[in-house]
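A short write-up of the structure that comes next.
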Amino acid sequence: MISLNSRTWRELHEKEKSKSLNRIVAGMAHEIRNPLTSIKTFIELLQDKKDDKLFQQKLAEIVPREIERINSLITNLIEYAKPEKIEYRRTNLKEIIQDTTELLKHSVEQKNVSLSYECDKNIFINVDEQQLKQILINFVINSLDAIILSEKTEDRQIIIKASRDDVYAYISITDSGIGMTEQEIGNCMEPFYSTKWNGTGLGMYIAKRYVERNNGTMSIESKKGEYTKIFLKFQLI
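Pasting the structure below:
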């Protein structure tokens, strides 16, 4: 196992995070443009339809909703882009998964891949929220790349599921991508190991390290040519 000092770790983490941000921002442009188009349309019609009761009702309903949609996207992006500052707190797992899915959904769908989630209510864990987002983002991006590499034309999907029992919260991220052999599963945990020609080999390593820093455990199940499923476990509070 390669050992990285704290300074090297921070530098590599920021490099990988910047790479993720580039992909997220590219996908978010469309998500922001859509509500802006709706707002622009209402403004253009306002002069002619200012006395139309139905138009007024739709204006009052749709414009605030679209503004809140833009605000939510930008807020999530700003929160994710903040410099790393570890802060463990009682965290609603469903909210984190929703925020992460919202950030990545369009980037994923641009590649004709579906991204969905299922999450039980009232799952609370003690973690650093931004690190948990980083974990999920890294896994989703890896899953997306695995599906693209598989060159499948059907069953192109990434599914995040979260559940709980009396003691633990469980998260799984499943993709229908290229899959891995047992040897590849072992190697992917090492820094700088990548099967992609332009990969940094840090995504899985950083995610695994963050899982451990948040007192969680991680395991991988995969079948070459079919799927990969990542399992995470955190203690409930």
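With our numbering applied, the sequence shown covers 207 to 443.
Backbone N, C-alpha and C fix where the C-beta goes; we use that ideal spot for every residue, glycine too.
In this text the structure is predicted, and so the values were computed from the model without any measurement.
Give a yes or no on contact between the stretch 417-435 and the stretch 364-383, applying the rule of three or more CB pairs nearer than 8 angstroms.
Result yes; three or more Cβ-Cβ pairs closer than 8 angstroms.
Once the 5 residues before and after S425 are set aside, which same chain residues still bring their CB inside 7 angstroms of it?
Your numbering for residue 425 matches position 219 in the sequence shown. Result list for S425: F437, in chain order.
List the DSSP bridge partners of E360.
Within the sequence shown, numbered from 1, the residue matching residue 360 stands at position 154. Per DSSP, none; premise fails for E360.
For R295, tell me which candidate among I303, I280, I276 and V333 has the shortest Cα-Cα distance.
Along the sequence shown, one-based indexing puts residue 295 at 89. When only C-alpha atoms are compared, the closest one is V333.
Tell me whether E250 is buried or exposed, calling it buried when 16 or more other Cβ atoms sit within 10 Å of its Cβ.
Within the sequence shown, the letter at position 44 stands for residue 250. It counts as exposed.
Would you kindly check if the distance between the Cβ of E272 and the Cβ of S313 is under 7 angstroms?
Walking along the sequence shown from the start, residue 313 turns up at place 107. Walking along the sequence shown from the start, residue 272 turns up at place 66. Cβ atoms of S313 and E272: not closer than 7 angstroms.
Over what stretch of residues does the beta strand (DSSP E) that includes T423 continue unbroken?
Position 217 of the sequence shown, counted from the start, is the residue given in the question as residue 423. First-last of the beta strand (DSSP E) with T423: T423 to K429.
Rounding to the nearest angstrom, what Cα-Cα distance links I292 and Q316 in this structure?
Here residue 292 corresponds to residue number 86 of the sequence shown, with the count starting at 1. Here residue 316 corresponds to residue number 110 of the sequence shown, with the count starting at 1. Taking the straight line joining both Cα atoms gives about 33 angstroms.
Does DSSP put V314 in a helix, a strand or coil?
The residue you call residue 314 lines up with position 108 of the sequence shown. The answer is helix: DSSP assigns V314 an H, G or I state.
Grouping DSSP H, G and I as helix and E and B as strand, with all else coil, what is T281?
Position 75 of the sequence shown, counting from 1, holds the residue named residue 281. In the structure shown, T281 sits in a helix (DSSP, three-state: H, G or I).
Leaving aside the five residues before and after E267 along the sequence, list all residues of the same chain whose C-beta is less than 6 angstroms from its C-beta, in chain order.
The count along the sequence shown starts at 1 and reaches residue 267 at position 61. For E267, where only same-chain residues beyond five positions count, there are no Cβ hits under 6 angstroms.
Can you tell me which of the three DSSP states S349 falls into?
Taking the sequence shown and counting its residues from 1, one reaches residue 349 at position 143. Correct three-state label for S349: helix.
I'd like the list of long-range same chain contacts for K414, defined as Cβ closer than 7 angstroms, with 5 residues on each side in sequence excluded.
One-based indexing of the sequence shown puts residue 414 at position 208. Closer than 7 angstroms at the Cβ level, and outside the excluded window around K414, lie M395 and M424.
Determine contact between the stretch 382-392 and the stretch 352-371, defined as no fewer than three beta-carbon pairs at a distance below 8 angstroms.
Short answer: they touch.
Can you name the start and end residues of the alpha helix (DSSP H) that F324 belongs to?
On the sequence shown, position 118 is the one that residue 324 refers to. The residue you asked about is not Phe; residue 324 is Glu in the sequence shown. Segment S320 to C325 is the beta strand (DSSP E) holding E324; no alpha helix (DSSP H) there.
Give the DSSP bridge partners of Y433, in chain order.
Within the sequence shown, the letter at position 227 stands for residue 433. Paired residue(s): K429.
Who are the Cβ neighbours of T297 in its own chain at under 8 angstroms, not counting the five residues just before and after it?
Numbered from its first residue, the sequence shown carries residue 297 at position 91. Only F330, I331, N332, V333, E335 and L338 meet the Cβ criterion.
Rounded to the nearest angstrom, how far is the Cβ of L342 from that of C325, given a contact under 8 angstroms?
Numbered from 1 along the sequence shown, position 136 holds the residue referred to as residue 342. Numbered from 1 along the sequence shown, position 119 holds the residue referred to as residue 325. At roughly 12 angstroms, the Cβ-Cβ gap does not stay under 8 angstroms, so L342 and C325 are not in contact.
Could you check what DSSP says for S369 in three-state terms: helix, strand or coil?
In the sequence shown, the residue the question calls residue 369 occupies position 163. Strand at S369.
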